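Peer 1: Handing you a structure now.
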Amino acid sequence: MKAKPSLEQALCIVALLGVQDRKIPLHSRLVAERLGISTSYLKKIVQKLANADIVKTTAGRDGGIVLTRDPHAITLLDVFNAIEGASSFVKNSGLVKKVFDFDQKDAFMQTYGLKDLKDSQPVANVLAVFGNAEQRFRQQLATLSIGDVLPTSENQPLELDWTTWIVNQRPTN
Numbered sequence: 001m002k003a004k005p006s007l008e009q010a011l012c013i014v015a016l017l018g019v020q021d022r023k024i025p026l027h028s029r030l031v032a033e034r035l036g037i038s039t040s041y042l043k044k045i046v047q048k049l050a051n052a053d054i055v056k057t058t059a060g061r062d063g064g065i066v067l068t069r070d071p072h073a074i075t076l077l078d079v080f081n082a083i084e085g086a087s088s089f090v091k092n093s094g095l096v097k098k099v100f101d102f103d104q105k106d107a108f109m110q111t112y113g114l115k116d117l118k119d120s121q122p123v124a125n126v127l128a129v130f131g132n133a134e135q136r137f138r139q140q141l142a143t144l145s146i147g148d149v150l151p152t153s154e155n156q157p158l159e160l161d162w163t164t165w166i167v168n169q170r171p172t173n
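First residue of the sequence shown? That's 1 in the working numbering, and the numbers climb one at a time after it.
Following this line, the structure appears as structure tokens:
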């Protein structure tokens, strides 16, 4: 499995918003600037996060993006599913069964002169290994929330307005 680049960007967006004072929406243009991406690309990511009820946007001069819930209630799995989707990595198309299903085992053995044919670990079981690995992967992502990875100060979660920092970090000409 290869994750989309937008997964890392979505995690950064949610983390930025996790520190952002939730009474002050963070302007989309500033988020895009901080991430080094276009505002149109940011909108696509934000739309996926909004569809998953992780963020919401507010319109107007003082509008922007805010989290819909506490960062400790948003898991890495929530963000992963918002960007990558919740469908399985490996899909069983039936090809393995078609190729390796020995419904005519006796004829197969006779054709090749086999005395026995052991099929105790069918090739089809390999798909189950992928399924189990995916299940463990998703379980691991569900154990960590965005709030768990955010910076703190004096053992308290940071809550600030990123606007000042981002604007002040712009290069001067």
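Virtual Cβ for every residue (Gly too), placed ideally from N, Cα, C.
It should be emphasised that the depicted structure is a prediction, and the values quoted were computed from it without experimental measurement.
Are the segment 90–99 and the segment 46–64 in contact at 8 Å, needing three or more beta carbon pairs?
Peer 2: no
Peer 1: Quick check on DSSP: helix, strand or coil for Lys-56?
Peer 2: strand
Peer 1: Nearest-angstrom Cα distance between Leu-16 and Phe-130?
Peer 2: 33 Å
Peer 1: Excluding sequence positions up to five away, which residues of its chain have a Cβ less than 7 Å from the Cβ of Ser-38?
Peer 2: Ala-32
Peer 1: Report the rounded CA-to-CA distance for Ser-6 versus Ile-83, giving the unit in angstroms.
Peer 2: 7 Å
Peer 1: By how many angstroms is the C-alpha of Ile-45 removed from the C-alpha of Asn-51?
Peer 2: CA-CA distance, Asn-51 to Ile-45, rounds to 10 Å.
Peer 1: Of the residues Gln-104, Gly-147, Gly-113 and Asp-106, which one's Cα is nearest the Cα of Asp-78?
Peer 2: Gly-147
Peer 1: Let's see if you can read the secondary structure: which residues bound the beta strand (DSSP E) around Gly-113?
Peer 2: No beta strand (DSSP E) holds Gly-113; DSSP gives it neither H nor E.
Peer 1: Answer with buried or exposed for Asp-171, where buried requires no fewer than 16 other C-beta atoms within 10 angstroms of its C-beta.
Peer 2: Reading off the sequence shown, one finds Pro at residue 171, where the question assumed Asp. Result: exposed.
Peer 1: Please report the Cβ distance between Gln-20 and Trp-162, rounded to the nearest whole angstrom; I am assuming they are in contact, meaning their Cβ atoms lie under 8 Å.
Peer 2: 5 Å
Peer 1: CA-CA distance, Glu-159 and Ala-86?
Peer 2: 31 Å
Peer 1: Could you have a look at Ser-38 and say whether DSSP puts it in helix, strand or coil?
Peer 2: coil
Peer 1: Between Ile-24 and Val-14, what straight-line distance do the alpha-carbon atoms span, to the nearest angstrom?
Peer 2: 15 Å
Peer 1: Straight-line CA distance for Val-90 to Gln-135?
Peer 2: 12 Å
Peer 1: What number of angstroms, rounded off, separates the C-alpha of Arg-34 from the C-alpha of Ile-166?
Peer 2: One C-alpha to the other measures close to 7 Å.
Peer 1: Among residues of its own chain, excluding the 5 on either side of Gly-18, which ones have a beta-carbon nearer than 7 Å to its beta-carbon?
Peer 2: Leu-67, Pro-71, Ile-146, Gly-147 and Leu-150
Peer 1: Compare the C-beta of Leu-49 with all C-beta atoms of chain E and state if any pair is closer than 8 Å.
Peer 2: Annotation note: the requested chain E is absent from the structure, which comprises a single protein chain.
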